[in-house]
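Residue numbers (my numbering): 5 to 719. Virtual Cβ for every residue (Gly too), placed ideally from N, Cα, C. It should be emphasised that the depicted structure is a prediction, and the values quoted were computed from it without experimental measurement. One structure is given here, and the rest of the page talks about it.
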């Protein structure tokens with residue numbers, strides 16, 4: 005600090021501190037320039053200003069609105085002295101947040117961690133998270149089964165009653181507001197300060213969307229080990245929590261394999277998973293923290309609506325957590341929902357380790373399977389769980405797909421999306437005949453690239469397999485194709501976007517799977533009897549694949565699929581383009597059943613699956629046209645999109661889409677127009693006037709009829 009006689013101890017600080025310069029308004033020399041020290045504590049940020057030359061220490065500044073429990077330790081700091089004598093401070097914390105302080109008052113804060121979201125999911129604020137039920141009900145249900153089913157349905161009855169009680173008041177408030185808007189009376193509403201994102205505004209259609217079941221939270225996990233809950237329609241930060249790494253290296257300690265349904269490295273660092281219960285009105289959010297310096301991990305149960313901690317427990321030691329599978333519980337609202345843990349040593353644990361949790365695992369052990377897509381060994385492996393004398397130990401290896409032995413490396417993998425929501429298992433053709441979709445919830449798509457290209461030309465291989473049995477029921481090879489590869493799988497189809505090096509263009513390959521059985525008529529669907537039951541993955545018939553390739557004009561950075569409540573509305577593929585656009589392409593365009601009039605016998609579709617004349621399937625066209633009306637973000641550039649998620653609303657026609665990356669983007673998507681809701685330009689005034697006129701005439705007619713009847717009696 006400019007002292008020639010050596011270093012001098014001025015002051016000792018407890019805790020992790022950051023030192024930054026103080027830019028003063030006075031023209032002091034360099035030796036007399038003061039410095040600032042900031043320490044993040046639970047009660048707030050402590051900022052201490054001192055002069056190294058004189059040893060003078062000013063009183064500490066406590067910013068109690070910016071605490072270490074919420075943001076971690078400070079990493080960077082800059083202080084400027086104002087002409088009034090106050091100090092303006094800029095702090096950067098471990099959670100990638102930047103705060104502006106003037107004295108002890110917080111002026112603003114920017115959550116830059118939202119630019120590094122690595123995992124996101126929707127959660128309904130009405131707490132309606134439903135799970136798919138794959139188990140078939142018994143032919144003659146017993147009394148306990150009926151009681152359990154009725155209790156599950158009755159668990160959501162109080163919420164429905166409260167909605168009915170609030171409905172008249174809500175209708176009256178809406179009518180009053182609409183009448184005031186017609187009369188030109190706009191009363192200023194009391195402004196409530198919402199914790200919105202920087203440079204964001206509440207859209208005018210937010211309240212309208214929430215009235216149709218769009219009141220949902222976006223649970224976002226960032227690479228800074230921070231968790232956010234954002235209101236989807238307004239971008240308001242409902243709650244946030246920071247989980248420090250405790251000196252752990254995070255991603256460096258992550259296992260090689262990946263958990264089911266996640267991408268490469270998705271279990272690296274902080275990751276979350278929703279734990280659904282048997283009640284549709286209750287779910288919990290499970291947090292798996294990164295490995296600490298001592299190698300331990302924590303399981304934290306949170307309430308998704310408030311972010312409050314329900315329970316915390318240390319993970320089993322010895323290996324890092326790579327997979328979490330919820331256990332079905334019989335309690336409608338169990339305080340702590342159980343789950344199965346698979347670690348990097350392929351050991352099975354049940355959390356919390358209670359006798360009731362072990363009983364649940366013993367009951368469902370034959371239905372639990374685990375698979376890993378390992379990009380270091382270039383292999384795909386499947387495992388089963390088995391009990392031995394009441395204890396659960398290592399996983400049992402069922403099958404292996406060693407892709408490195410054939411000189412291939414894995415470049416992408418995807419499992420089925422939206423398995424928790426309902427879908428239509430058949431496709432009705434134009435002549436009313438039925439095509440049965442190949443519905444397999446264990447479908448897994450793996451894309452590989454030749455490790456050594458022949459003649460400097462690589463090729464892509466797409467394997468579609470059953471993750472339980474390891475059976476590869478379809479394989480396709482694209483000559484001259486290479487990375488980058490983006491995969492999406494939903495219902496009975498798989499989509500792959502890639503770069504064709506030989507033809508110097510981007511292409512999209514779509515594969516759809518159908519069952520080979522013939523149409524038995526609608527009565528077999530309604531009254532199928534024993535045929536409408538669950539089947540083992542080992543007994544499924546091989547599907548009939550239909551494949552088609554299209555030319556795509558641009559590259560993409562991420563792919564998503566829309567979701568609806570019943571799966572009736574045709575799906576759309578959401579593509580984040582390299583041109584910073586979000587594009588919606590209807591699945592009817594990317595349809596493998598589109599007939600090719602010039603394809604000859606080679607591209608001919610089997611007659612059973614070929615479209616009929618009455619069916620509105622356009623003929624095959626190699627180029628996918630990008631329509632400006634299908635661009636969802638309009639003039640707002642959305643760059644470096646890393647993920648796209650979607651969730652249904654109460655309207656079957658509307659799906660919510662959230663894109664995250666360097667920018668955040670949310671929009672409702674209507675793939676088949678708003679066929680189940682009135683348009684915004686609907687003449688409500690005429691409707692209200694007509695209803696009022698009809699009611700008035702009804703009252704007059706009723707009064708006149710009574711008066712007429714009375715007069716007739718006196719005659």
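The beta carbons of residue 48 and residue 71 sit closer together than 8 angstroms. Secondary structure of residue 683 (DSSP, three-state): coil. Looking at the backbone, the Cα of residue 23 and that of residue 230 are separated by about 24 angstroms.
A contact between stretches requires three or more CB pairs, one per stretch, nearer than 8 angstroms, and the segment 609-620 fails this requirement with the segment 570-584.
In this structure, the straight-line span from the alpha carbon of residue 100 to that of residue 112 is close to 14 angstroms. If only uninterrupted alpha helix (DSSP H) runs of at least 4 residues are considered, those enclosed by the segment 15-89 are 72-75. Under the three-state reduction of DSSP output, residue 564 falls in the strand class. Residue 350 is classed as buried because its beta carbon has at least 16 other beta carbons within 10 Å across all chains shown. At a Cβ-Cβ threshold of 8 angstroms, residue 669 and residue 635 do not count as neighbours. Contact between residue 57 and residue 43 does not hold, since their C-beta atoms are separated by about 22 angstroms, which reaches or exceeds 8 angstroms. The beta carbons of residue 300 and residue 333 sit no closer together than 8 angstroms.
The C-beta distance from residue 660 to residue 220 rounds to 7 angstroms, short enough to meet the 8 angstroms contact threshold. Here residue 77 has 20, 44, 98 as same chain residues with Cβ atoms under 6 angstroms from its own Cβ, once five neighbours each way along the sequence are excluded. Taking C-beta atoms as the reference points, residue 594 and residue 498 fail to come closer than 8 angstroms. Contact holds between the segment 558-568 and the segment 643-656, because three or more Cβ pairs, one in each stretch, are under 8 angstroms apart. About 4 angstroms separates the CB atoms of residue 222 and residue 234; that is less than 8 angstroms, so the two are in contact.
Assignment of beta-bridge partners to residue 441 by DSSP yields 518. Counting along the chain, the unbroken alpha helix (DSSP H) around residue 703 starts and ends at 688-717. As the crow flies, the alpha-carbon of residue 310 is around 11 angstroms from that of residue 288.
DSSP places residue 378 in the uninterrupted beta strand (DSSP E) bounded by 373-378.
Residue 343 sits in a strand when the DSSP states are folded into three classes.
Going by beta carbons, residue 566 and residue 650 fall inside the 8 angstroms limit. Membership of residue 315 in the beta strand (DSSP E) is indicated by the continuous run 313-318. In the three-state scheme derived from DSSP, where H, G and I count as helix and E and B as strand, residue 543 is classed as helix. Looking at the DSSP output, residue 585 bridges to nothing. For residue 508, the closest C-alpha among the options 492, 515, 52, 487 is that of 487. Between the beta-carbon of residue 448 and that of residue 375 there is about 7 angstroms, and that keeps the pair under the 8 angstroms contact cut. Residue 328 has its alpha-carbon roughly 12 angstroms from the corresponding atom of residue 341.
If you draw a straight line from the Cα of residue 691 to the Cα of residue 705, it comes to about 21 angstroms. Between residue 467 and residue 479 the beta-carbon gap is near 5 angstroms, inside 8 angstroms, which marks them as a contact. Cα atoms of residue 686 and residue 174: separation of roughly 20 angstroms, rounded to the nearest angstrom.
Proximity to residue 611 across 180, 437, 409 peaks at 437, based on C-alpha coordinates. Relative to residue 518, the option among 356, 119, 443 whose CA is nearest is 443. In the three-state DSSP reduction, residue 436 falls in the coil class, being neither helix nor strand. The straight-line gap separating the alpha-carbon atoms of residue 343 and residue 274 is approximately 18 angstroms.
Residue pairing by DSSP leaves residue 122 without any beta bridge partner.
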